[in-house]
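If you use this note's numbering, the sequence shown corresponds to residues 4 to 318, in order. Glycine is no exception: its CB is placed at the ideal position from the N, C-alpha and C atoms. Values in this document were obtained by computation on a predicted structure and should not be read as measured data. One structure below.
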Amino acid sequence: MKALFGYLPGEDLSYEAALAQVPDKYRPKVIATIEESRARQAPFHLECPVTGFHDRRERWVRVLGGFSIPEGSIHHLSGVIMDITEQKQNELRKNRFIGMVSHELKTPLTALKAYVQMLNVWAKKQKDNFTIGALSKVEKQIKKMAAMITGFLNLSGVESGMIHLDKQDFFLDELIREVIEETAFILAGGQISLVEAGPLRVNADREKIEQVIINLLNNAVKYSAKIAPVEVYYTQAGDMVQVSIKDSGIGISQEDIARLFEPHYRVESKETQNIKGFGIGLYLCAEIIKRHQGKIWAESEPGKGSTFSFTLPLG
Ligand code: ADP
C-alpha cells in the first residue's frame with residue numbers, strides 16, 4: 004500500500020494522509036463508501052485515483068475491504084489494494100475511441116436523414132405509394148441507429164466521467180408527448196398512452212432526459228407481449244416531478260431489481276433469452292438522473308409487469 008501511495012518503506016502512512024492523496028473530485032465518494040461500510044458492518048469495494056506522495060504519479064487503485072467488530076471505540080479496517088492503472092487507461096482509451104467513432108457516425112446519418120425527407124416530399128408529390136412506404140421504413144431504421152449512437156456517445160461520456168449537462172427550462176409533458184409519438188412510430192404496434200396532468204416545467208438537460216424516456220419506453224415495449232399497453236404518467240411531488248412508465252410485461256424479480264441499474268447487467272431467464280441488448284440502457288438512465296439530483300427506481304413482480312419511475316427538480 005505504501006508503494007502504491009508513493010511512500011518509502013520506512014515511512015508512516017495514516018488514514019487521513021491516504022485520503023488527502025485522493026483527488027478532490029473522488030474523495031467525498033471514497034469517504035462515504037468507507038463510512039457506510041463501517042456503519043453497516045458490510046464489506047466495501049471502491050476504485051479511485053491516488054496521487055503518489057513523493058513521486059506525484061497518478062495511479063488508479065481498487066480497494067476491497069471491511070471492518071471487524073469494533074473493540075470499544077477502535078475500528079479495525081483490513082483489506083487488499085491493487086494497482087489498476089493500466090486497466091483504467093485502457094478503459095479510457097476504449098471510451099475515447101467509442102466516443103470518437105460514434106461522433107463520426109452521426110454526421111453522415113444526419114445527411115442521410117435529410118435526403119430521405121427530401122425524397123419523401125418528392126414521392127408524395129408523385130403519389131408513389133411504394134416509395135413512400137419504403138422511405139418510411141428507411142426513416143425508422145435511421146432513427147433506431149441514431150438512438151443507438153447517442154447511447155454509445157453517452158456511455159463513453161459517463162464512463163470517462165465527462166457527462167456534461169446542458170440545463171434549460173422546458174415543459175416535460177411536451178417532451179413526453181413527443182417521445183411517445185416517435186417511439187410509437189419506430190416500434191409500430193405498442194399502445195403507449197399518456198395520462199395527462201397539465202403542463203409541468205422542469206430544469207434539466209432536455210436531450211438527455213429525452214434519452215432516458217426513450218430507453219424506458221423501449222424497454223417497456225421490448226419486455227412485453229407485442230400489443231400489451233404501456234402507460235406513462237407524471238405528477239408533481241413537492242419541488243420534484245415524478246414520471247412513471249408502467250408496462251404489463253414479463254416483470255422482474257426482487258433480486259434482479261437490485262442490480263438492474265449496474266452497467267452491463269441483464270436478466271437471464273427463459274423470457275429474456277431471445278431479447279437482444281447490451282445492458283447499458285438503464286445504467287445510462289441512472290447516471291443521467293443522478294447527475295440531475297433525481298432518483299430512479301423500479302417496482303415489479305414477475306409476470307405482472309413493471310413500473311419504472313424517476314424524479315427531476317422542477318423548473
Ligand atoms: P438491455 O435492454 O439492453 O438489456 P437495459 O439496461 O435497458 O439493457 O436493461 C437491463 C435489463 O433489465 C434487461 O436486460 C431486462 O432484463 C431488464 N428490464 C429492463 N426494463 C424492463 C421491463 N420494462 N420489464 C422487464 N424487464 C426489464
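*Using alpha carbons as the reference points, say which of His267, Asn218 and Ala228 lies closest to Ile299.*
By one-based count along the sequence shown, residue 299 stands at place 296. Checking every option, the nearest Cα to that of Ile299 belongs to Asn218.
_Contacts around Leu115, its chain only, beta-carbon distance under 7 Å, and the 5 residues preceding and following it disregarded_ = For this step, residue 115 is matched to residue 112 along the sequence shown. Excluding the 5 residues flanking it on each side, Leu115 has same chain C-beta neighbours closer than 7 Å at Ile145, in chain order.
*Opposite Val326 in the DSSP bridges: which residues?*
Limits of the chain in this structure are 4 at one end and 318 at the other, which puts residue 326 out of reach.
*For the stretch 97-162, list the beta strand (DSSP E) runs that are entirely contained and at least 3 residues long, ordered along the chain.*
none
*Comparing alpha-carbon positions, which option in Val53, Glu274, Asp27 and Ile189 lies nearest Gly254?*
Here residue 254 refers to the residue found at position 251 of the sequence shown. Ranking Val53, Glu274, Asp27 and Ile189 by Cα distance to Gly254 puts Glu274 first.
_Cβ pair Leu108, Ile152 closer than 8 Å_ = The residue you call residue 108 lines up with position 105 of the sequence shown. The residue you call residue 152 lines up with position 149 of the sequence shown. The answer is yes: Cβ separation under 8 Å.
*Going along the chain, which residues of its own chain have a beta-carbon closer than 6 Å to the beta-carbon of Gly160, five neighbours each way excluded?*
Mapped onto the sequence shown, residue 160 falls at position 157. Only Ile166 meet the Cβ criterion.
*Distance, Pro52 Cα to Ile87 Cα*: As a first step, residue 87 is located in the sequence shown; it is residue number 84 there, counting from the start. As a first step, residue 52 is located in the sequence shown; it is residue number 49 there, counting from the start. Straight across, the Cα-Cα distance linking Ile87 with Pro52 is about 9 Å.
*What three-state label does DSSP hand Leu7 in the structure shown?*
On the sequence shown, position 4 is the one that residue 7 refers to. Leu7: coil per DSSP, three-state reduction.
*asked:* Considering just the uninterrupted stretch of the beta strand (DSSP E) at Glu258, what are its terminal residues?
replied: As a position in the sequence shown, residue 258 is number 255, starting the count at 1. No beta strand (DSSP E) contains Glu258, which is instead part of the alpha helix (DSSP H) from Gln257 to Ile260.
*asked:* Let's test the definition: count the other Cβ atoms within 10 Å of the Cβ of Leu11 and tell me whether it reaches 16, buried, or not, exposed.
replied: Looking up residue 11 in the sequence shown gives position 8. Counting Cβ neighbours within 10 Å, Leu11 comes out exposed, since fewer than 16 surround it.
*Determine the DSSP secondary structure at Glu290, reduced to helix, strand or coil.*
Looking up residue 290 in the sequence shown gives position 287. Reduced to three states, the DSSP call for Glu290 is helix.
*the stretch 230-243 in contact with the stretch 195-202 per 3-pair CB rule at 8 Å*: yes
_Buried or exposed for Ile183, going by 16 or more other Cβ atoms inside 10 Å?_
Sequence index remark: in the sequence shown, residue 183 carries index 180 (1-based). So Ile183 ends up on the buried side.
_In whole angstroms, give me the CA-to-CA distance for Cys288 and Glu234._
Working through the sequence shown from its first residue, we reach residue 288 at position 285. Working through the sequence shown from its first residue, we reach residue 234 at position 231. Their backbone Cα atoms lie some 19 Å apart in a straight line.
*What do you get for Val244, buried or exposed, if any count of 16 or more other CB atoms within 10 angstroms of its CB means buried?*
Your numbering for residue 244 matches position 241 in the sequence shown. The residue in question, Val244, is buried, as its Cβ has 16 or more Cβ neighbours within 10 Å.
_Rounded to whole angstroms, what is the Cα-Cα separation between Gln92 and Asn98?_
As a position in the sequence shown, residue 92 is number 89, starting the count at 1. As a position in the sequence shown, residue 98 is number 95, starting the count at 1. Whole-angstrom Cα-Cα distance: 10 Å.
*So does Leu220 have its beta carbon nearer than 7 Å to some heavy atom of the ligand ADP?*
As a working mapping, residue 220 is identified with position 217 in the sequence shown. Leu220 Cβ: outside cutoff for every heavy atom of the ligand ADP.
*Look up Tyr18 in the DSSP assignment and give the residues it is bridged to.*
The sequence position of residue 18 within the sequence shown is 15, counting from 1. Answer by DSSP bridge pairing: none, since Tyr18 is not bridged.
*Sort His79, Val141, Gly154 and Gly308 by Cα distance to Ile260 and report the nearest one.*
Against the sequence shown, residue 260 aligns to sequence position 257. Ranking His79, Val141, Gly154 and Gly308 by Cα distance to Ile260 puts Gly308 first.
*Kindly indicate the opening and closing residues of the beta strand (DSSP E) around Arg65.*
In the sequence shown, the residue the question calls residue 65 occupies position 62. Start and end: Glu61 to Phe70.
*For the ligand ADP, is there a heavy atom less than 7 Å away from the beta-carbon of Lys249?*
Here residue 249 refers to the residue found at position 246 of the sequence shown. It does not: the Cβ of Lys249 is nowhere closer than 7 Å to a heavy atom of the ligand ADP.
_Looking only at its chain, what residues have a beta carbon closer than 6 Å to the beta carbon of Asn123, apart from the 5 residues adjacent to it on each side?_
Counted from its first residue, the sequence shown places residue 123 at position 120. So the list reads Leu138, once near-sequence residues are dropped.
*Exposure label - Phe281; buried when at least 16 CB within 10 Å*: Within the sequence shown, the letter at position 278 stands for residue 281. That one is exposed.
*Spatial distance of Ile101 from Gly13 (CA atoms)*: Within the sequence shown, the letter at position 98 stands for residue 101. Within the sequence shown, the letter at position 10 stands for residue 13. Going by the C-alpha atoms only, they are around 44 Å apart.
*C-alpha gap between Leu49 and Leu178, whole angstroms*: For the purposes of this step, residue 49 is taken as residue 46 along the sequence shown, with counting starting at 1. For the purposes of this step, residue 178 is taken as residue 175 along the sequence shown, with counting starting at 1. In this structure, the CA atom of Leu49 is about 37 Å from the CA atom of Leu178.
*Taking the Cβ atom as the reference point for each residue, do Val79 and Gly9 lie within a distance shorter than 8 Å?*
Here residue 79 refers to the residue found at position 76 of the sequence shown. Here residue 9 refers to the residue found at position 6 of the sequence shown. Reading the sequence as shown, one finds His at residue 79 and not Val. No, Cβ-Cβ distance for His79 and Gly9 is not below 8 Å.
*Ser247 bridges to which residues according to DSSP?*
The residue given as residue 247 occupies position 244 in the sequence shown. Answer is Tyr236 and Ser312, bridged to Ser247.
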